[in-house]
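With my numbering applied, the sequence shown covers 10 to 324. Right, one structure below, let's go through it.
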Amino acid sequence: MSWRAHRKAATVISLSITLCALFYWQSNNIHFQTSSCGCGSCPKENEDEGSWFSKRFNASFHPLMSRNSSVLNEKASKWWKGLQPFQGQPDYRVVVEKLFKLIPDKEYYRDGSPDRCRVCSVVGNSGNLKNSHYGPLIDASDFVLRINKGPTKGFEQDVGSKTTHRIIYPESAVDVDNSTHLVLVAFKPLDMEWLINVFTTHRVKHTYTRVKSTLQANTSLIMVINPSFMQYVHEAWLKKNGHQPSTGFLTVVLALHICDQVKVFGFGANKQGAWDHYFERIPPSFKTGGHKGSFEYDMIKELDKRDQIEMYRGW
Ligand code: C5P
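Next comes the structure, spelled out in structure tokens:
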């Protein structure tokens, strides 16, 4: 056989091999698809368009406010301003302008990619954390998001010691160290005014109750939850159950938006239905207020059932 005939035969053979391989991959549903995140599993990518999760989760809502995203549409504005309406509130636009002179105007955490694996622990304040020994597991996450007053000192074994983000509102605020992001949930324009005041004039001392007039926090790390995001959580996730989402539930949805894997600790009332805390004794009858805690808890259980989060219920 001439070398030309050899070359022809070789081409035909390699073409046939390529075609066979293509046919095999196709028929066995093998796709070279890149993952949406860099973790071993990326829960959000397992969802079909019409699934329970996809009907609720909307990536176009960015949880953390920037100057650009601070503009509220009519619906969000009406909902948010109706949450805690009382006389003497500052104008929203004016207070937002002042706010971004104090805190950075950044588009946070829009860095999701096949190379990113951000694991987050959300730590609620439930009494089910007592004697849980979850501390090391919580601290192993990249982000540890804590809520309101939930302390770590003296409770390290059960709740860990790392805090990357502390989510608060004026009436629940505590000092944070220099490396922690203070994240404000504002339920009214006055809450934003309060945030500015604790670092400047210290004049806001009262909202519907006494509030701290000074606060320790690194202002270059402060973040504010977007009121539009709060309205989206209330409507899409809670189907308008309860007057407003709790800080804890907002933090769970915040984590779903900014993290690739989410672990949830310290959620759930005790057996008597009381809203107990791991760090203090509270009256046994204390219930969940306007949050409809049980609806939120059911949502969290559903997220766990659907493997969107890993929920740790204590012992
Ligand atoms: O009590 P507090 O509001 O400070 O707790 C923070 C969050 O932890 C709540 O917003 C709620 O979502 C969650 N929590 C809970 N069950 C409890 C206490 C708190 O789910 N017993």
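We put the beta carbon where it would ideally sit given N, CA and C, even for glycine. If you're wondering where the values come from, they're calculated on a predicted model, not measured in any experiment.
Under the DSSP assignment, residue 130 falls in the beta strand (DSSP E) whose first and last residues are 128-132. Across the structure, residue 277 and residue 284 are spaced so that their CA atoms are roughly 8 angstroms apart.
In the same chain as residue 240, and ignoring 5 residues on each side of it, the C-beta atoms closer than 8 angstroms to its own belong to 84, 85, 88 and 89, in chain order.
As a beta-bridge residue in DSSP terms, residue 152 pairs with 129. Residue pairing by DSSP places residue 191 opposite 175 in a beta bridge. Residues whose Cβ lies closer than 7 angstroms to any heavy atom of ligand 1, listed in chain order: 133, 134, 135, 136, 156, 157, 158, 159, 181, 255, 256, 257, 258, 275, 276, 277, 278, 279, 284, 285, 286, 300, 302, 305 and 306. Of 59, 264, 274 and 223, the smallest CA-CA separation from residue 140 is found for 274. The alpha-carbon of residue 221 is positioned some 46 angstroms away from that of residue 57.
Between the beta-carbon of residue 233 and that of residue 108 there is about 7 angstroms, and that keeps the pair under the 8 angstroms contact cut. Secondary structure note for residue 273: its beta strand (DSSP E) is the uninterrupted segment 270-274. Taken through DSSP and simplified to helix, strand or coil, residue 217 comes out as coil. CA-to-CA, the gap between residue 114 and residue 258 works out to about 25 angstroms. Between the alpha carbons of residue 98 and residue 320 lies a distance of about 39 angstroms. A straight line joining the alpha-carbon of residue 231 with that of residue 111 spans about 9 angstroms.
By the C-beta criterion, the segment 66-84 is judged not to be in contact with the segment 159-167, since fewer than 3 inter-stretch pairs fall below 8 angstroms. Within the same chain, Cβ atoms closer than 7 angstroms to the Cβ of residue 322 are found at 137 and 277, the five residues on either side in sequence being excluded. In this structure, the straight-line span from the alpha carbon of residue 171 to that of residue 217 is close to 32 angstroms. Note on geometry: alpha-carbon atoms of residue 59 and residue 261 lie some 22 angstroms from one another.
According to the DSSP secondary-structure assignment, residue 234 is paired through a beta bridge with 73. With respect to the 9 angstroms criterion, residue 73 and residue 267 are classified as neighbours on the basis of their beta carbons.
Within the same chain, 70, 71, 72, 73, 74, 78 and 79 come within 8 angstroms of residue 235 by CB-CB distance, once the 5 residues on both sides are set aside. The C-beta distance from residue 174 to residue 194 rounds to 12 angstroms, too long to meet the 8 angstroms contact threshold.
Look at residue 243 here: in three-state DSSP terms it is helix. When C-alpha distances from residue 182 are compared across 199, 156 and 196, the shortest belongs to 156.
Out of 176, 196, 288 and 122, the CA that lies nearest to the CA of residue 101 is found in 196.
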